[in-house]
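> Just dropping this structure here.
Chains as they are written, first to last, in full-length UniProt numbering: chain A, 1 to 421; chain Y, 1 to 421.
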């Protein structure tokens, strides 16, 4: 049985500076095509975040270096280690001359860290070809919540990113010669941004919580079982005090409730020192992390209406413009899906424990893209430990995680084949 | 009678990059020292703002060029033209072989545009020597409020510049992995800044208006007489609508009432594009233009107390620090001083009209420095028209203003000598 491997051309992209560059091709591979077996598709990526030794790496970031059972190198955990572990699992069956219990498909891209440019178009194009026989999609591009206990990830938050621009004129003013007679754009903007949340982090936009999925008893129980030492978490985050005091509240507000963060202001005085300027045009930036079953277009309307109302109350002569510049839906899986049960059983076999059932508070668009376009179950099955340092200096994957992770994927093939029947 | 001219060494200054540069010396000159005559001291500066033709100059900024009765060149109105006019006025008496009716002192610096570095120390040092015999100080470093009608300036606003820093930790957070469980510094800061003014520009800091000088009938009448076309002013400012609708209200809120402007935020996301960051430490910057009889140390206390109160209401676990990084007092002259009456009479003689009695909403520290240290009357007697474009491209002084201004200074010498007796 030989694999079939294709390189899919994705065309080229134009950079902001006008330069045109080819997009790295996507690898589409398949191994086995037997009608009786389920087809499992693995998604991975081989591109990495930038790294130079000068950033504070203790080893050459581009030479994999083992120190005390840790394999250091850029991409070790994000995402080359998991890709190799998947290949190891497939190879194991061949080495043992055993029949693979599943048909395998693999999609590997080289643009994940740059926003998976053109991937959605490719998935749409291949929906009825490469993906037509796929039953399950597996992504292994996150981390566990702990150092030793494996996890399954069943949801990620979406994100609606907004700009709110307030303009008096295109030029700045001198605060000595104009201070006192203007509707100052910064005063308007600060009031608008200040109307978004209360001091307890609760979002004040009317209706924003209407579509948030109610908390069931079943879901509630998941949080209690999770392995998280709150005090250790707080210390390693270097935060004096969180908004909430219990593990359950903390996790729920990171995963299953929306949050609103103000990122900054463009166009005002942002440098060190003093400058007596009245900025003439300022752009506030904030975003809302969305959870099931919030919808980006409903959220956009709610934010627009709220800010229009607050602005109208000010009787300002300035102009206000609100835009949603990014709208990414949340993703949630049904943890009763066959492949979630299969993954749990595989974890039990390899690690001898139940997994933490967790979500990820940040936004990983590919899960939702696969779910929406291919309409099959997506599983996030991470291999790396919480301290792997993805995107940071001295990124690593533990030798133990890498080897047990390879076993986990092989065990998963067996379990998913069994449950699929 | 020969002038006595000295160059006063001011030592050297260290630039932010560590470089040490000598400060240009200050010229201290005197002409005449007769006990029966009043001594008038003129302050001027010869340094200028940067200028290159590429900024949009229609002529070489460093070659004085006359076009249609306008003398274009960097420094033409700020402040070389007025300095020359003063010299012209002195020269006129010599050319006519007439006795100067006043003793003259002149102080000319070369660091005004850089904040008059070391000038205050010099004035203190020379208080009982060079300045001991001075009766009146004249500054001609502003502009009229109109194109044709001369003005006397009798006040400038002070400035208290504040930073308010809110810190959760020294590093930023990712809004996906921390959004929802933090007291976010930007939310605190936006609430703090939003508590400073209402939407009508009124300052909400308790007690801030307590020391503002009450408006007298006499002062009120000054505003009505001033030559200002509000519609033209609004159009040339390119502002859709001011906070007030009458000339009197506009001028009072620029000159005799305090104003508060928010300048910007340091440490947040300030670039174009989107970034999903929760800034860990942010510094808000705002300043209050002060008017008689507000005091910087009282204002500092009021701002501190107000922000502490607002912050305490939020129960935030972040750290807040408020600092007044600059405190400059307002300056106001007694317009019944001899030299104000002398200047009015001189204007009547040369221009055939009463002057606009105006103030300047911005802060000119030297007037207050002279008033406080030498304790003599300070007069601001501008020569340039409102459209001279100081600090801008195509700065100019009108030939007419320059010549009539020279006459005005000579007439002022005669009037001040007469009133002083």
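No residue lacks a Cβ here, since even glycine has one placed at the ideal position from N, Cα and C.
Please classify residue 172(Y) as buried or exposed, where buried requires at least 16 other C-beta atoms within 10 Å of its C-beta.
Buried: at least 16 other Cβ atoms inside 10 Å.
> In angstroms with no decimal places, state the Cα-to-Cα distance between residue 211(A) and residue 257(A).
Going by the C-alpha atoms only, they are around 11 Å apart.
> Between which two residues does the alpha helix (DSSP H) carrying residue 324(A) extend?
Not the alpha helix (DSSP H): residue 324(A) falls in the beta strand (DSSP E), residues 319-328.
> Name the chain A residues that come within less than 8 Å of residue 325(Y), Cβ to Cβ?
Within 8 Å Cβ-Cβ: 274.
> Residues of chain Y with CB under 9 Å from residue 368(A), in chain order?
By Cβ distance, chain Y contributes nothing, its closest Cβ being about 14 Å from residue 368(A), past 9 Å.
> Would you give the residue range spanned by the alpha helix (DSSP H) that residue 235(A) belongs to?
Its alpha helix (DSSP H) spans residues 230-237.
> Once DSSP output is grouped into helix, strand and coil, what is the label at residue 252(A)?
Residue 252(A) falls in the helix class under three-state DSSP.
> Look up residue 266(Y) in the DSSP assignment and give the residues it is bridged to.
In DSSP, residue 266(Y) forms a bridge with 283(Y).
> With three or more beta-carbon pairs closer than 8 Å as the criterion, would you say the stretch 43-58 of chain Y touches the stretch 126-142 of chain Y?
Touching, yes.
> Out of 280(Y), 397(Y), 154(Y), state which residue places its alpha-carbon closest to the alpha-carbon of residue 69(Y).
Closest by alpha carbon: 397(Y).
> Count the other CB atoms within 10 Å of the CB of residue 201(Y); is the residue buried (16 or more) or exposed (fewer)?
Classification of residue 201(Y): buried, given that the 10 Å Cβ count is 16 or more.
> So, do the stretch 208-226 of chain A and the stretch 275-289 of chain Y have three or more beta carbon pairs nearer to each other than 8 Å?
No: the two stretches stay apart, fewer than three of their Cβ pairs being nearer than 8 Å.
> Could you give the residue range of the alpha helix (DSSP H) that holds residue 338(A)?
338-351 is the span of the alpha helix (DSSP H), which, as asked, contains residue 338(A).
> Check this for me: beta carbons of residue 282(A) and residue 304(A), under 8 Å apart or not?
Not a contact, by the Cβ cut-off of 8 Å.
> Kindly say whether residue 299(A), judged by its beta-carbon, lies nearer than 8 Å to any beta-carbon of chain Y.
Closer than 8 Å: no.
> For residue 132(A), count neighbouring Cβ atoms within 10 angstroms of its own Cβ and tell me buried if that reaches 16, exposed if not.
It is exposed - the Cβ of residue 132(A) has fewer than 16 other Cβ atoms within 10 Å.
> Could you round the C-beta distance between residue 104(Y) and residue 32(Y) to whole angstroms and report it? I think they count as a contact, below 8 Å.
Yes, residue 104(Y) and residue 32(Y) are in contact; Cβ-Cβ is about 6 Å, under 8 Å.
> Checking the sheet assignment: what are the DSSP bridge partners for residue 398(Y)?
Answer is 70(Y), bridged to residue 398(Y).
> Thinking just about the alpha-carbon of each residue, which of 239(A), 223(A), 232(A) is nearest to the one in residue 252(A)?
Among 239(A), 223(A), 232(A), the Cα nearest to that of residue 252(A) is on 223(A).
> Could you work out which residue in 400(A), 306(A), 27(A), 395(A) is closest to residue 109(A) when comparing CA atoms only?
Of the listed residues, the one whose Cα sits closest to residue 109(A) is 27(A).
> Let me know the secondary structure DSSP gives residue 144(Y) once reduced to three states.
The answer is coil: DSSP assigns residue 144(Y) none of H, G, I, E or B.
> Please work out which residues of its chain come closer than 6 Å, Cβ to Cβ, to residue 368(Y), disregarding the five sequence neighbours upstream and downstream, and give them in chain order.
Within the same chain, residue 368(Y) has close Cβ partners 329, 331.
> So, does the stretch 154-164 of chain Y touch the stretch 45-63 of chain Y, judging by three or more C-beta pairs under 8 Å?
Too few Cβ pairs lie closer than 8 Å, so no.
> Are any of the Cβ atoms in chain A nearer than 8 Å to that of residue 187(Y)?
Taking Cβ atoms only, chain A reaches closer than 8 Å to residue 187(Y), which makes this a yes.
> In its own chain, which residues sit with a C-beta less than 7 Å from the C-beta of residue 80(A), not counting the 5 before and 5 after it?
Hits under 7 Å: 46.
> At the level of alpha carbons, what is the spacing between residue 248(A) and residue 240(A)?
About 19 Å.
> Since residue 176(Y) sits in a beta bridge, which residues does DSSP pair it with?
According to DSSP, which records beta bridges pairwise, residue 176(Y) is partnered with nothing at all.
> I'd like the list of long-range same chain contacts for residue 401(Y), defined as Cβ closer than 7 Å, with 5 residues on each side in sequence excluded.
Counting only Cβ-Cβ distances below 7 Å, and skipping sequence neighbours, we find 383, 384, 385.
> Under 8 Å, Cβ to Cβ, is there at least one residue of chain Y near residue 209(A)?
Not one chain Y Cβ lies under 8 Å of residue 209(A).
> Starting from the beta carbon of residue 168(A), find every residue of chain Y whose beta carbon is closer than 8 Å, and list them in chain order.
Under the 8 Å cutoff, chain Y gives 239, 240.
> Using CA coordinates, which residue listed in 166(Y), 24(Y), 94(Y) is at the minimum distance from residue 318(Y)?
Checking every option, the nearest Cα to that of residue 318(Y) belongs to 166(Y).
> How long is the line joining the alpha carbons of residue 178(Y) and residue 235(A), rounded to whole angstroms?
Those two C-alpha atoms are separated by around 14 Å.
> Name the two residues that bound the continuous alpha helix (DSSP H) containing residue 221(A).
Looking at the DSSP string, the run of the alpha helix (DSSP H) that includes residue 221(A) is 217-224.
> Answer with yes or no whether the minimum CB distance from residue 157(A) to chain Y is below 8 Å.
Yes, contact with chain Y.
> Take every Cβ of the stretch 266-281 of chain Y, pair it with every Cβ of the stretch 257-267 of chain A, and state whether three or more of those distances are shorter than 8 Å.
Cβ pair count under 8 Å is three or more, so yes.
> So, under 8 Å CB-CB, residue 423(A) and residue 404(A) are touching, yes? Tell me the CB distance rounded to an integer number of Å.
Chain A is shown only over 1 to 421; residue 423(A) falls outside these bounds and no answer can be derived.
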